[in-house]
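Those protein sequences? They're chains P and G, same order as listed. Going letter by letter, the first sequence gives residues -15 to 233 in this note's numbering. Going letter by letter, the second sequence gives residues -15 to 233 in this note's numbering. We put the CB at the ideal spot given by N, CA and C, even for glycine. Everything numeric in this text was worked out from a predicted model, so none of it was measured. One structure below.
2 protein chains.
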Amino acid sequence: MTELLTPAELEARLREMGARRYHNLHPFHRLLHSGKCSKGQVQAWALNRYYYQAMVPIKDASLIARCEDPDIRREWRKRLEDHDGSDTGPPEGGGIERWLKLTDGLGLDRQAVISTRLLLPGTRYAVEAYVHFVRERSLLEAIASAMTELFSPQIITERLEGMLSHYDYITDETMSYFRKRPPQAERDANYVLDYVKKHARTPEQQQAVLDALSFKCDVLWAMLDALHHAYVSPGLIPPGAFVPAPGDA
Amino acid sequence: MTELLTPAELEARLREMGARRYHNLHPFHRLLHSGKCSKGQVQAWALNRYYYQAMVPIKDASLIARCEDPDIRREWRKRLEDHDGSDTGPPEGGGIERWLKLTDGLGLDRQAVISTRLLLPGTRYAVEAYVHFVRERSLLEAIASAMTELFSPQIITERLEGMLSHYDYITDETMSYFRKRPPQAERDANYVLDYVKKHARTPEQQQAVLDALSFKCDVLWAMLDALHHAYVSPGLIPPGAFVPAPGDA
């Protein structure tokens, strides 16, 4: 990119990228939301996605740890509270605890989930790539990589309704993670969008912001590729990864 | 593991893990070696595997950079020479240059290959996970993770013969990488095996060595999973990745 975009043009390009690249377009999500997944596939999704949830506060603390501006650090700390919970927070705990309610509800052993020993290697590498990106790239790129949340309220609403209506073992209680997330995600995404519109002031910085969103779309997409490959088609589960019980497969 | 193994028992466990987990068992390799890949699939394999080749010296220099023993550093430096070449080395260059002869011979644009912009994200994350492992784990684990070469001379010989006999666009010249590798890999693998047998002196260290080999088997396997998913079955190429020409697909 050689031309400087206005903040509104940059926002339009970012939204356009989300419309083309966000993982709601991945075939696995369409299967999941439309009720076409077996219980074993839903379990595999929840177990693998747990690692992403568990690493989000590590990622966010890595960003805070490299940030010299106390205003940004304070703002970003809300994310730690959302995921890790707090004494004064909601009694159902933070996002990780609520994700474990989902894996509990799906009949997965909680210690096995937390140990991540049944994870797909592809999930692990994609999530770690995200953490390393946030640690190693510029602060602008690290912040921009969180912008996929701009597109998450919609996918979460689709998921909540789709999964509650299609799977009889999914209850409102086990889906509590998804009830809480949309307002948090919206608040966070607006902060990030405002930040990059204000701080990407050269064509190079604007390109870096677009590339950061592209990178993050790739991470989420690759996680679903790994799931789809192992549990849908061709269904090649790598050695050591979660194997659904015969009745759930 | 709670029991201390003899060095010979440790070696037997490592060899047994290779026999069960090395990526020669992956369906993609069977397709590749038996002549069942389309030219586009062979191109995708060579283009993605290029990134692994290109990162090997980065990985090896990372190991040297954290190693206080000049004997190990000197030994490990041979790997840099093998991959990056040297003025006094063979005129056909180091391993990376020879890999590019393969991608040239397959009709891939050399600058596109080197830029890695057409790489599968799953390949990128797996290779980066390997580099980070070598940087962040103990020196013993970093060294042990190179042990997959113990199993590579056999796969390379199978590949050389299989690919030369099955694909008319593969020539002895383009396969020069594979002619050179077996003796190098054998020398390196024997060094690593001797090292871990000597330095893994507690059950915990022996377990760490086994886990390092398991990790590395997962990395190689995940790279082929990503290829198989994108280019074989179900053939879902992620946005932005290499797309074979219609006549080669």
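Annotation for N32 of chain G: the continuous alpha helix (DSSP H) segment containing it runs 23 to 49. One finds D202, W205, A206, D209 in chain P with Cβ atoms closer than 8 Å to the Cβ of P222 of chain G, taken in chain order. In the three-state scheme derived from DSSP, where H, G and I count as helix and E and B as strand, L90 of chain G is classed as coil. Taking C-beta separations shorter than 6 Å and ignoring five residues to either side along the sequence, the partners of G89 of chain G in its chain run T158, following chain order. In the structure shown, K200 of chain G falls within a helical segment according to DSSP collapsed to helix, strand and coil.
At least one beta carbon of chain G lies nearer than 8 Å to the beta carbon of A113 of chain P. Using a Cβ-Cβ cut-off of 8 Å, H183 of chain G does not count as an interface residue toward chain P, since no Cβ of chain P sits closer than that to its own. Look at H17 of chain G: its C-beta is not under 8 Å from any C-beta on chain P.
The DSSP-derived three-state label of G224 of chain P is coil. Between Y35 of chain P and W83 of chain P, the C-beta gap is not smaller than 8 Å, which leaves the two residues out of contact.
Going by C-alpha positions, V180 of chain G is about 40 Å away from G219 of chain G. With contacts defined by Cβ atoms closer than 8 Å, I80 of chain G and Q37 of chain G form a contacting pair. 8 Å or more divides the Cβ of L148 of chain P from the Cβ of L31 of chain P. Close to chain G, meaning a Cβ-Cβ distance shorter than 9 Å, are the following residues of the region -14 to 8 of chain P: R4, R5. In terms of beta-carbon proximity, P11 of chain P lines the interface with chain G, with at least one pair separated by less than 8 Å. Contacts between P105 of chain G and chain P, judged by CB atoms closer than 9 Å, involve A110, A113, F199, D202, V203, W205, A206, D209 in chain order. Counting only runs that start and end inside the region 144 to 211 of chain P, the alpha helix (DSSP H) elements of at least 4 residues fall at 160 to 183.
With contacts defined as CB atoms closer than 8 Å, V115 of chain P and K43 of chain P qualify as a contacting pair. Apart from sequence neighbours up to five positions away, the residues of its chain that approach L16 of chain P with a beta-carbon distance below 8 Å are Q25, V26, W29, R143, G146, M147, ordered along the chain.
Secondary structure note for V118 of chain P: its alpha helix (DSSP H) is the uninterrupted segment 105 to 120.
For P218 of chain G, a Cβ of chain P is located within less than 8 Å of the residue's own Cβ.
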